[in-house]
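For the sequence shown, position 234 matches number 1150 in my numbering, and the numbering has no gaps at all.
Each residue gets a CB set at the ideal place from its N, CA and C atoms; glycine is no exception.
Everything below concerns the one structure shown next.
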Amino acid sequence: MKSFFDVSQNFVTCPSCRRRSLKSRWKENLYICPNCGKYRPISAPFRLSLILDEGSFHEMDRDMVSADPLHFEGYAEKAQKQREKTNLNESAVIGTGKIGGFEVMTAVLDSRFFMGSMGVAVGEKVTRAVEYATDHHLPLIIFSASGGARMQEGIYSLMQMAKTAAAVQRFSEAGGLYISFLTHPTTGGVTASFATLGDITLAEPGALIGFAGPRVIEQTIGQKLPKGFQRAEYLQHHGFVDKIVERKDMRRVLHQLLSLHLEKDKEGLEG
Ligand SMILES: [Zn+2]
C-alpha cells in the first residue's frame, strides 16, 4: 500500500505559481507548468528526443571532459557529482541527427550540468560540431542554455568564446545555415559568442537572454530595469530574436526552416 508520502512524491510544485501537478502531467506538457505555463528547463537528451527523427541521433565526443587546468579547489569533485547526477560527461551534447529526413548537426547545452557553463570541453565540443557541419555541408542547430563561462577554468573558459565564434565565422563563409535556439537562461560568455551568431535566432517563451544578469546591471547602473528586460519577448520586440517558438512546435518550425533553406539551395544549384 502506498503511503501518503509516496503519493505526494508523484506531484511536482511549480517554482513560479507554487501549484502542484502530477509528475506525469508535467511530462505530457513537456515540462511547462500545466497551471501557469511557465517553462522549466529540460535535459539535452529529452530535447533531442523532441526534435529528431526517432533513432537518428549519433552522438560525438561523448567521453570528452575538461581538465582542471587551474587545480581549482573542489572542481574535480564537483564535476564528478555533476556527471553522476546527469549521466552526462559535460554540459554540451553534440551529434548528427535527422529532422523530417533532413540531416543536421546539432549541439545542445544542458543546464543541469554546471548551469550549462562553457569550459574547455564545452568550447571544444561546440567547435567540433561547427567544424563537422562545415566539412559535411550540414545545417547547424545549436540550443543554448548557459550561465556563461565556467569560472573554475578561468581564462581557458574565456578563450572558448573566440574559438567558437571563429568556427561559426568559417562556417558562415562556407555558406552554411546556422539556426541558434536560445533557451532559459542564455547568458554570459555563451551569449557573447556562438549563441548570438546564428543566421536565424529562435527562443523559448520567457527565456532569460543577456550578458550580465539583471541584478548585476541594476547594481552597476543604479537604475531599475524595464519590465520584461532580457526576456525572449522583449528581445524579439527589439529585433534580436527572430521568432519565439513554443516547445511543442520546435520540431515543426525547424523542419519548416530547413525545407525553405535547403530547397532554395537545391534550386540555386540546379539553376
Ligand atoms: Zn506554474
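Worksheet item: When the distance is taken between beta carbons, is His974 closer than 7 Å to Thr1012?
Response: yes
Item to complete: Would you mind sorting Thr1080 into buried or exposed? The rule is 16 or more other CB atoms within 10 Å of its CB.
Response: Of the residues assessed, Thr1080 falls on the buried side of the cut-off, its CB having 16 or more other CB atoms within 10 angstroms.
Discussion item. DSSP three-state label for Phe1145, please.
Written reply: coil
Worksheet item: Roughly how many angstroms lie between the CA atoms of Arg1066 and Phe1097, to the nearest whole one?
Response: 21 Å
Item to complete: Classify Glu1006 as buried or exposed, calling it buried when 16 or more other Cβ atoms lie within 10 Å of its own Cβ.
Response: buried
Item to complete: Output the distance between the C-alpha atoms of Leu986 and Lys994, rounded to the nearest integer angstrom.
Response: Roughly 14 Å separates the two Cα atoms.
Worksheet entry | Continuous beta strand (DSSP E) stretch holding Lys1014: start and end | 1008-1015
Practice prompt. In angstroms with no decimal places, state the Cα-to-Cα distance between Pro931 and Tyr955.
Written response: C-alpha separation (whole angstroms): 10 Å.
Worksheet item: Between Lys943 and ligand 1, is the CB less than 6 Å from at least one heavy atom?
Response: no
Fill in: Unbroken alpha helix (DSSP H) run spanning Arg963, endpoints
Membership of Arg963 in the alpha helix (DSSP H) is indicated by the continuous run 960-967.
Item to complete: Using 10 angstroms around the beta-carbon of Val1161, count the other beta-carbons present and answer buried if the total reaches 16, otherwise exposed.
Response: Classification for Val1161: buried.
Discussion item. Taking the alpha helix (DSSP H) that Ala1065 belongs to, which residues open and close that run?
Written reply: From DSSP, Ala1065 is part of no alpha helix (DSSP H); its letter is neither H nor E.
Worksheet item: How close, in whole Å, do the beta carbons of Leu1124 and Gln1152 come, if the pair is a contact with beta carbons under 8 Å?
Response: Contact flag wrong, Cβ pair sits at about 14 Å.
Worksheet item: Hey, would you say the C-beta of Asn926 is under 6 Å away from at least one heavy atom of ligand 1?
Response: no
Discussion item. On the criterion of 16 or more Cβ atoms from any shown chain inside 10 Å, does Ile1137 qualify as buried, or is it exposed?
Written reply: Ile1137 should be labelled exposed.
Discussion item. With three or more beta-carbon pairs closer than 8 Å as the criterion, would you say the region 1056-1071 touches the region 1025-1038?
Written reply: yes
Practice prompt. Kindly provide the ranges of any beta strand (DSSP E) runs that are 3 or more residues long and lie completely inside the region 1100-1184, ordered along the chain.
Written response: Residue ranges of uninterrupted beta strand (DSSP E) with 3 or more members, entirely inside the region 1100-1184 and ordered along the chain, are 1116-1119.
Worksheet item: Heavy atom of ligand 1 less than 6 Å from the Cβ of Lys939, yes or no?
Response: Not one heavy atom of ligand 1 sits closer than 6 Å to the Cβ of Lys939.
Practice prompt. To the nearest angstrom, report how far apart Ala1061 and Lys1143 are at their CA atoms.
Written response: Straight-line Cα distance between these residues: approximately 22 Å.
Practice prompt. When you get a sec, list the residues whose CB is within less than 6 Å of any heavy atom of ligand 1, chain order please.
Written response: Output, sorted by chain position: Cys930, Ser932, Cys933, Arg935, Cys949, Asn951, Cys952, Lys954.
Practice prompt. For the beta strand (DSSP E) holding Glu970, just list the boundary residues, first then last.
Written response: Segment: none, Glu970 is in no beta strand (DSSP E) and carries neither H nor E.
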